[in-house]
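One structure is given here, and the rest of the page talks about it.
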Amino acid sequence: MKVLITGGAGFIGSTIASACMDAGIIPVILDNLVTGRREFTEGRVFYEGDIADGVLVDRIFAEHPEIEAVIHCAALIVVPESVEQPLRYYQENVAKTIALLDHLQRNGCERLLFSSSASIYTPGADFAVDEDSALDPLSPYARTKMLMELVFKDTAEATPLRVLSLRYFNPVGADPQLRTGLQTPLPSHALGKLIEARRSGGTFRITGTDWPTRDGSGIRDYVHVWDLARAHVAALRRFDLALPADGAESYLVVNLGTGDGTTVRELVAAFERVTGDPLPVEETGPRPGDNAGAFTRGDRAATLLDWRPELSLDQGIADTLAWFARREALLDLA
């Protein structure tokens with residue numbers, strides 16, 4: 002099997018590509034390298050360019066007619082940045098994806114896995130959500146994901162396209178073989194900020210302490226990125242079982258998370274447990290676009306994809322630290 006991965010030189014896309022290769026699936030990478038890393042494409046079929054470039058997409062399908070599915074990971078993802086630059090996010094995440102979809106249809110693509118986000122949910126009182134929970138995206142980034150879900154759903158209902166929309170929770174960790182990992186030197190998410198504080202000897206800021214959670218800090222569902230990557234392989238393998246070509250449904254949502262909620266304070270405790278070192282902490286207000294968070298419930302991923310997460314939060318923290326250490330060593334050698 003061959004699969005096209007847009008954004009396949011980024012953190013999640015490159016890890017999915019590694020999992021595909023390990024499973025005997027050949028990934029074809031399309032990435033403009035705005036945030037992706039060229040070194041994450043080494044040893045892989047790679048096309049540098051934009052997802053909205055129809056000529057390039059046509060060329061990819063002409064040169065790889067065996068492509069059976071597309072995994073769409075290409076997107077800008079930083080919530081505060083999306084608040085500051087909403088038009089850029091709508092252009093990159095929505096307008097260009099619509100152009101990509103048009104090009105995919107022209108080339109006969111009928112199977113698509115969409116990297117969506119759990120940030121579109123409005124959680125209930127217990128912060129747990131399932132695939133049927135209400136949606137209320139609170140940032141331009143999250144709204145771009147919801148808009149694209151609507152576009153994919155409408156298109157799937159009107160054409161032969163079938164779409165599995167995979168709503169990710171909060172990825173941590175790295176490829177266990179350390180082939181790829183977080184590509185940004187200063188990640189904006191909580192674990193990246195914890196590592197930055199530890200390296201610099203600074204203080205970690207808990208952004209938001211008045212959320213109605215058990216300890217006032219935000220709550221998240223931290224899922225290891227390798228588990229996410231394995232879920233995509235499972236989705237490719239079971240795509241036609243989950244969404245038969247002659248079935249009544251052509252669009253389906255599946256949550257990818259651990260099913261456990263971890264607060265930011267609990268994340269700090271886990272980080273200290275893994276590193277063995279205490280970390281100074283201070284409390285501040287929430288960032289623009291932040292919300293209390295959510296974690297998944299239900300068993301749709303287990304039932305439809307035969308997938309369950311296997312790696313712990315502690316393992317995710319340890320793998321992230323190992324990846325950062327490896328990246329620093331490579332920079333020192335450069």
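Count along the sequence shown starting at 1, add 1, and that's the number in my numbering. The C-beta atom is built at its ideal place from N, Cα and C for all residues, glycine as well.
Could you check whether S19 and T181 sit closer than 8 Å to each other, using their CB atoms as the reference points? In the sequence shown, counting from the first residue as 1, residue 181 sits at position 180. In the sequence shown, counting from the first residue as 1, residue 19 sits at position 18. Result yes, Cβ atoms of T181 and S19 sit closer than 8 Å.
On the DSSP letters alone, give me the boundaries of the alpha helix (DSSP H) that Y90 sits inside. Counting from 1 along the sequence shown, the entry for residue 90 is found at position 89. Start and end: 87 to 90.
Could you tell me which whole alpha helix (DSSP H) segments of length 4 or greater appear in the segment 129 to 204? 141 to 159, 191 to 201
Closer than 8 Å by C-beta to L334: which residues in its own chain qualify, once you throw out the five before and the five after it? Chain order, please. What you label residue 334 is simply residue 333 of the sequence shown in a count that begins at 1. Reliability of the predicted coordinates at L334 is poor, the pLDDT of 42 falling under 50, and the value obtained from them is presented with this limitation in mind. Same-chain partners within the cutoff: there are none.
Just how far apart, CA to CA, sit A53 and L101? Translated into positions along the sequence shown, residue 53 becomes position 52. Translated into positions along the sequence shown, residue 101 becomes position 100. Looking at the two C-alpha atoms, the distance is approximately 5 Å.
Secondary structure at V79, three-state DSSP: helix, strand or coil? Residue numbering aside, residue 79 sits at position 78 when the sequence shown is read from its first letter. In this structure, V79 counts as coil in the three-state DSSP scheme.
With 16 other Cβ atoms within 10 Å as the buried cut-off, status of A126: Working through the sequence shown from its first residue, we reach residue 126 at position 125. A126 should be labelled exposed.
Using a 10 Å radius around the Cβ and a threshold of 16 neighbouring Cβ atoms, would you call D133 buried or exposed? Along the sequence shown, one-based indexing puts residue 133 at 132. Looking at its Cβ environment, which holds fewer than 16 other Cβ atoms inside 10 Å, D133 is exposed.
Output needed for L113: all residues of its chain with C-beta closer than 6 Å, excluding positions within five of it in sequence on either side, in chain order. As a working note, residue 113 is residue 112 in the sequence shown. Within the same chain, L113 has close Cβ partners V71, V164.
Quick check on A335: does DSSP put it in helix, strand or coil? Here residue 335 refers to the residue found at position 334 of the sequence shown. Reliability of the predicted coordinates at A335 is poor, the pLDDT of 38 falling under 50, and the value obtained from them is presented with this limitation in mind. Looking at A335 - three-state DSSP - the assignment turns out to be coil, as it is neither helix nor strand.
What distance in whole Å lies between the Cβ atoms of T276 and R206, which are believed to be in contact at a cut-off of 8 Å? To locate residue 206, count along the sequence shown from 1; it is residue 205. To locate residue 276, count along the sequence shown from 1; it is residue 275. Not really, about 18 Å apart at Cβ, beyond 8 Å.
What number of angstroms, rounded off, separates the C-alpha of T214 from the C-alpha of T264? Residue mapping note: residue 214 aligns to position 213 of the sequence shown, counting from 1. Residue mapping note: residue 264 aligns to position 263 of the sequence shown, counting from 1. So the alpha carbons of these two residues sit roughly 8 Å apart.
Between the segment 13 to 29 and the segment 226 to 237, do three or more beta carbon pairs fall short of 8 Å? yes
How far does the beta strand (DSSP E) with H225 in it reach, from first residue to last? Taking the sequence shown and counting its residues from 1, one reaches residue 225 at position 224. Looking at the DSSP string, the run of the beta strand (DSSP E) that includes H225 is 223 to 225.
E283 - partner residues in DSSP beta bridges: On the sequence shown, residue 283 is found 282 positions in, with the first residue counted as 1. DSSP lists R206 as partners of E283.
Using CA coordinates, which residue listed in D300, L253, A243, Q184 is at the minimum distance from L167? Position 166 of the sequence shown, counted from the first residue, corresponds to residue 167. The option with the nearest alpha carbon to L167 is L253.
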